[in-house]
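What follows is a short report on a single structure.
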């Protein structure tokens, strides 16, 4: 059990890697590329997940939608008081919002109506209320837009205003009063904020209706209880808690990352075969070397150890190189190409930075899926080489 | 079934273990049957070469398994966020009926494979290779356990259900639970503490006299009493909560991952004690190095575990 690392043996293996440079460079290159791909995907997934987590924390505790025939429909404002009467509910805020499809760019805008003097359900809106002059906004029926939308409208030659098409076909011309950029771009890039009245007008909604209610709860551990009460009072509602959303997001991202990983495992096993093959194909030079080593007194164990060091050095150096490369690729270059897997094809979504997030677990996953598999692939070939008879190979 | 990256990683490595383990299994059966160091037949010559392959494979499996086991616990802790009702690994593991069995096999295999390496070390040191047959027989048995473990792993991950409600550790580790170990909560917990320290003192005395059988049996008892007393008594001081009896929560960040330190020292201490004692019996000489390592780590374990109640008492002036 008291096996120490033999530094001379280690030195010998490193030199041996360089002696067979061309063969090892190929393996090193492909292996690095593979690990690079895997770690990049996991980093992107992690990074988006952490961005979503911050977004989710800012979300309301409970969202209540009204369903009819399984689809969400508008919520009458008359239901508000009964929900407010539930013990533990701090505030019930009706939300007026919707998606506006802008056909020219093929993108959806999230149009949100807010009232300056009401409780805001997102910190972002509170900040907007402080920063921009809402009286002016109301007076000249203007709007505030996210930086992504600003860019898009400029590309479509809208300078300072935008024409919404109302349900009856008439146009609603709305002035752009300001552009905002939030801390997390993912939640605000495609957002348009305007007074509630204007939103109702654009979407043709009745004045006594809201899209859904959000509920603030004083004690977070009361959330499931209150959610249950709401469904009892209004059985036609769907009640979504923050926890539900968090779980479904984690599942979604684990699924996306997992799907990629499943494909990756297949490619790793293919690579396993390549290494196996490469390591088995021993040149006559190498055979002679083993023969000489055995003749001067090396045991099978020594040669196995030497081969293990070789495999470990190659795989570990590739591992570290690939990790550094993919960190650079993901966090400095913002992962061009690859991140589209996660974000989808919406024109407005992609314009954001990936925040830095690195946890031990990702590191462990990448390590376990690469280095041990590489070493496993070399076990049998190394043993074959090591157990060759000295007299036979030197002949 | 959940398809998280962690689960895929564990299953992929399980398949590698299965592949190489099976190869090693067939070779070791042959070696156990036909090994004869004095014979000069080609078969014996071949077997001698193959024994190195098996040894390498087993070394590989053990070295990867050790961190993978920690990773498994880590994963189970993470999955507790997703599974309704679970608050730590305990709920996740016990969401299936064979959860405790799976854990038992995982730990047992770590001991068996570790001991195999010790046996191998002694075998190769002696030019007569006296243990070759036994070690390959031992591996053949260990392989069966490994198969069971891998089967349970796969079964566990495929039967994980996000929407199923599971119990949290607070319900599992209490006198009210119906699990097989709930009886330990009905006994006065101080008895376990007394037994733990009594065994610990006996263990320390046994290291002085170095009687192999005594060291072996005391170490075996020590593992169990250490874990039981940890659940019943010492754990409550780590959590500073008299009703919290979970052996898994201490592996989480809230408790500075102290669980990893606790369990690793316990494993090293008892592993060296057990394997050292067995080797002393086989070699008929006292394995001082193993006893010393075992004694040091068992003492470290006892110190860490005792520090919690003592600091609690000093700070608050009362016991929980």
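Chains as they are written, first to last, in our numbering: chain A, 3 to 397; chain B, 36 to 355.
A virtual CB, placed ideally from N, CA and C, is assigned to each residue, including glycine.
From the beta carbon of residue i, is the nearest beta carbon of chain E less than 8 Å away?
i                      : result
residue 366 of chain A : Absent from the structure is chain E; the protein chains it does hold are A and B.
Roughly how many whole angstroms lie between the Cα atoms of residue i and residue j?
i                      : j                      : result
residue 36 of chain A  : residue 343 of chain B : 46 Å
residue 26 of chain A  : residue 322 of chain A : 16 Å
residue 329 of chain B : residue 304 of chain B : 4 Å
residue 349 of chain A : residue 107 of chain A : The predicted model places residue 349 of chain A with a pLDDT of 48, which falls under 50 and marks its position as unreliable, so this point remains unresolved.
residue 345 of chain B : residue 243 of chain B : 27 Å
residue 352 of chain A : residue 384 of chain A : Because residue 352 of chain A carries a pLDDT of 44, less than 50, the predicted location of this residue cannot be relied on, and no value is offered for it.
residue 4 of chain A   : residue 161 of chain B : Because the pLDDT of residue 4 of chain A is 45, which lies under 50, any placement of that residue in the model is unreliable, and the number read from its coordinates should be weighed accordingly. Roughly 15 Å between the two C-alpha positions.
residue 45 of chain A  : residue 85 of chain B  : 42 Å
residue 198 of chain A : residue 236 of chain A : 25 Å
residue 350 of chain B : residue 333 of chain A : 46 Å
residue 298 of chain A : residue 306 of chain A : 16 Å
residue 119 of chain A : residue 139 of chain A : 14 Å
residue 139 of chain B : residue 289 of chain B : 25 Å
residue 144 of chain B : residue 101 of chain B : 10 Å
residue 181 of chain B : residue 335 of chain A : 45 Å
residue 228 of chain A : residue 208 of chain A : 28 Å
residue 313 of chain A : residue 88 of chain B  : 16 Å
residue 40 of chain B  : residue 258 of chain A : 9 Å
residue 64 of chain B  : residue 247 of chain B : 30 Å
residue 357 of chain A : residue 112 of chain A : 23 Å
residue 272 of chain A : residue 134 of chain A : 58 Å
residue 257 of chain B : residue 318 of chain A : 39 Å
residue 143 of chain A : residue 84 of chain A  : 33 Å
residue 69 of chain B  : residue 61 of chain B  : 12 Å
residue 179 of chain B : residue 146 of chain B : 14 Å
Do the CB positions of residue i and residue j come within less than 8 Å of each other?
i                      : j                      : result
residue 260 of chain B : residue 219 of chain B : no
residue 309 of chain A : residue 388 of chain A : yes
residue 340 of chain B : residue 251 of chain B : no
residue 67 of chain A  : residue 239 of chain A : yes
residue 225 of chain A : residue 88 of chain A  : no
residue 38 of chain A  : residue 327 of chain A : yes
residue 316 of chain A : residue 30 of chain A  : yes
residue 429 of chain B : residue 97 of chain B  : Residue 429 of chain B is absent from the structure shown; chain B starts at 36 and stops at 355.
residue 92 of chain A  : residue 219 of chain A : yes
Taking the alpha-carbon of residue i as reference, which of the options has the nearest alpha-carbon?
i                      : options                    : result
residue 390 of chain A : B/81, B/164, B/262, B/267  : B/81
residue 40 of chain A  : A/265, A/295, A/113        : A/265
residue 57 of chain A  : A/278, A/68, A/72, A/247   : A/247
residue 296 of chain B : B/322, B/246, B/335        : B/335
residue 270 of chain B : B/101, B/228, B/256, B/76  : B/228
residue 34 of chain A  : A/376, A/243, A/382        : A/376
residue 245 of chain A : A/17, A/10, A/61           : A/61
residue 122 of chain A : A/112, A/96, A/279, A/259  : A/96
residue 267 of chain A : A/19, A/81, A/372, A/12    : A/372
residue 231 of chain A : A/86, A/74, A/277          : A/86
residue 14 of chain A  : A/110, A/311, A/317, A/124 : A/311
residue 45 of chain B  : B/294, B/272, B/192, B/315 : B/192
residue 360 of chain A : A/12, A/20, A/18, A/47     : A/47
residue 225 of chain B : B/338, B/272, B/208, B/268 : B/268
residue 113 of chain B : A/249, A/141, A/110, A/221 : A/249
residue 392 of chain A : A/382, A/286, A/151, A/330 : A/286
Subject >> At least 3 beta-carbon pairs within less than 8 Å: the segment 148 to 163 of chain B vs the segment 91 to 100 of chain B >> reply: Taking a cut-off of 8 Å for Cβ pairs, the segment 148 to 163 of chain B and the segment 91 to 100 of chain B touch, as three or more such pairs fall below it.
Original post:
Is the segment 206 to 213 of chain A touching the segment 97 to 107 of chain A, taking contact as three or more C-beta pairs under 8 Å?
Top reply: Contact between the segment 206 to 213 of chain A and the segment 97 to 107 of chain A is present, because at least three Cβ pairs lie under 8 Å.
Original post:
What residues from the segment 38 to 56 of chain B come within 7 Å of chain A, judged by C-beta to C-beta, listed N to C?
Top reply: The segment 38 to 56 of chain B vs chain A, Cβ under 7 Å: 38, 39, 40, 41, 43, 44, 47, 48, 51, 55.
Original post:
Does the segment 102 to 117 of chain B come within contact of the segment 169 to 177 of chain B, defined as at least 3 CB pairs closer than 8 Å?
Top reply: Output reads no: the segment 169 to 177 of chain B does not touch the segment 102 to 117 of chain B.
**OP:** Anything in the segment 368 to 383 of chain A with a Cβ closer than 8 Å to a Cβ of chain B? List those residues in chain order, please.
**Re:** Those residues of the segment 368 to 383 of chain A placed with their C-beta closer than 8 Å to a C-beta in chain B are 370, 371, 374, 375, 377, 378, 381, 382, ordered along the chain.
Original post:
Pairing CB atoms from the segment 183 to 196 of chain B with CB atoms from the segment 43 to 59 of chain B, are three or more of them under 8 Å?
Top reply: Between the segment 183 to 196 of chain B and the segment 43 to 59 of chain B there are three or more C-beta pairs closer than 8 Å, enough to call the two in contact.
Original post:
Looking at chain B, which residues of the segment 66 to 88 of chain A have a Cβ within less than 9 Å of any of its Cβ atoms?
Top reply: Within the segment 66 to 88 of chain A, no residue qualifies.
Original post:
Listed in chain order, which residues of the segment 102 to 129 of chain A have Cβ atoms closer than 8 Å to some Cβ of chain B?
Top reply: If the cut-off is 8 Å between Cβ atoms, the segment 102 to 129 of chain A has nothing near chain B.
Original post:
Does the pairing of the segment 113 to 121 of chain B with the segment 52 to 63 of chain B give three or more beta-carbon distances under 8 Å?
Top reply: Output reads no: the segment 52 to 63 of chain B does not touch the segment 113 to 121 of chain B.
**OP:** Can you give me, in chain order, the residues of the segment 88 to 99 of chain B that have a beta carbon less than 7 Å from any beta carbon in chain A?
**Re:** Taken in chain order, the members of the segment 88 to 99 of chain B whose beta-carbon sits within less than 7 Å of a beta-carbon on chain A are 88, 91, 92, 95, 99.
Original post:
According to a CB-to-CB cut-off of less than 8 Å, which residues of the segment 257 to 269 of chain A neighbour chain B?
Top reply: Flagged, chain order: 257, 259, 260, 261, 263, 264, 267.
Subject >> Contact set between the segment 297 to 325 of chain A and chain B, restricted to residues whose Cβ is under 7 Å from the partner >> reply: Cβ contacts with chain B: 302, 303, 306.
Original post:
On the three-pair Cβ rule with 8 Å, is the segment 200 to 210 of chain B touching the segment 276 to 289 of chain B?
Top reply: With three or more CB-CB distances shorter than 8 Å, the segment 200 to 210 of chain B counts as touching the segment 276 to 289 of chain B.
Original post:
Residues in the segment 125 to 141 of chain B with C-beta within 7 Å of chain A's C-beta atoms, listed in sequence order?
Top reply: If the cut-off is 7 Å between Cβ atoms, the segment 125 to 141 of chain B has nothing near chain A.
Original post:
Quick one, which residues of the segment 159 to 182 of chain B are near chain A if we go by CB-CB under 7 Å, in chain order?
Top reply: Of all residues in the segment 159 to 182 of chain B, none has a C-beta nearer than 7 Å to a C-beta of chain A.
Subject >> Cβ contact check for the segment 164 to 183 of chain A and the segment 147 to 155 of chain A: 3 or more pairs under 8 Å >> reply: Result yes; three or more Cβ-Cβ pairs closer than 8 Å.
**OP:** Could you run through the segment 293 to 306 of chain B and flag, in chain order, every residue whose CB is less than 8 Å away from some CB of chain A?
**Re:** Within the segment 293 to 306 of chain B, no residue has a Cβ that lies closer than 8 Å to any Cβ of chain A.
Subject >> Chain-ordered residues of the segment 231 to 256 of chain A with a beta carbon less than 7 Å from chain B >> reply: For the segment 231 to 256 of chain A, the set of residues with a beta-carbon nearer than 7 Å to any beta-carbon of chain B comprises 249, 252, 253, 256, in chain order.
Original post:
Relative to chain A, which residues along the segment 67 to 85 of chain B have a C-beta separation below 7 Å, given in chain order?
Top reply: Residues passing the 7 Å Cβ filter: 84.
Original post:
Using Cβ-Cβ distances below 7 Å, what residues of the segment 268 to 286 of chain B are close to chain A?
Top reply: Correct list: empty, as no residue qualifies.
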